[in-house]
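Data first, discussion second: the structure below is written as structure tokens.
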Amino acid sequence: MSINAINNQTTSTASLTKATENTLGKQDFLTLLTTQLRNQDPLSPMSNEEFIAQMAQISTLESSLDMGKQLTTLINAQQRTQALQMVGHDVDYMPEGGDVAKSGRVSAVILKNDLPVLMINGEQIPYTNVQSIH
Numbered sequence: 154m155s156i157n158a159i160n161n162q163t164t165s166t167a168s169l170t171k172a173t174e175n176t177l178g179k180q181d182f183l184t185l186l187t188t189q190l191r192n193q194d195p196l197s198p199m200s201n202e203e204f205i206a207q208m209a210q211i212s213t214l215e216s217s218l219d220m221g222k223q224l225t226t227l228i229n230a231q232q233r234t235q236a237l238q239m240v241g242h243d244v245d246y247m248p249e250g251g252d253v254a255k256s257g258r259v260s261a262v263i264l265k266n267d268l269p270v271l272m273i274n275g276e277q278i279p280y281t282n283v284q285s286i287h
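And the structure:
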């Protein structure tokens, strides 16, 4: 049995993290709303509908951020589970800083920063460096 789709989850996590970093956060949105309320024209203030719409946007933003955190937690848990299932199996992997793939048997799994690291041939190899399982 050979499995070759291990790195797809890592790409999804990295994309999610990058997308979250490039967007306005909840605090940014609240600062903008507060500034807008402070500087509005007293003769034509923001309507109730506009205010409710902006509060709904804040709620949606909060929900999206929470869902992103939960998704990252789920992906990390799935990676840990899959790494544990590799113990005793032969894998092909790319060593850190290497350019030639190697093969070896997974002897243990270590967690570093809540991410799985595999012990292969006495080396610590990140889970994401595994290219296939035999």
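Going by our numbering, the first residue of the sequence shown is number 154, and it counts up by one from there. Virtual Cβ for every residue (Gly too), placed ideally from N, Cα, C. Note that the coordinates shown come from a computational prediction; the quantities given were computed from them, not determined experimentally.
Rounded to whole angstroms, the gap between the alpha carbons of Ser200 and Glu215 is 23 Å. Between the alpha carbons of Leu227 and Pro195 lies a gap of roughly 48 Å. Around the CB of Pro198, fewer than 16 other CB atoms lie within 10 Å, so the residue is classed as exposed. If only uninterrupted beta strand (DSSP E) runs of at least 3 residues are considered, none is enclosed by the stretch 215–245.
At a Cβ-Cβ threshold of 8 Å, Ser260 and Met247 do not count as neighbours. Asn229 and Asn274 have their alpha carbons spaced roughly 24 Å apart. Inclusion of Asp252 and Ser285 in the CB contact set at 8 Å is not warranted, their separation being larger than that value.
Ile211 is a Cβ neighbour of Phe182, given a cutoff of 8 Å.
Going by DSSP, Leu190 is part of no beta strand (DSSP E) but of the alpha helix (DSSP H) stretching over 179–191.
Excluding its 5 nearest sequence neighbours in each direction, Asp267 has C-beta neighbours in its own chain below 7 Å: Asn229, listed in chain order. Inter-residue distance for Gln193 and Thr187 is about 10 Å (C-alpha atoms, whole angstroms).
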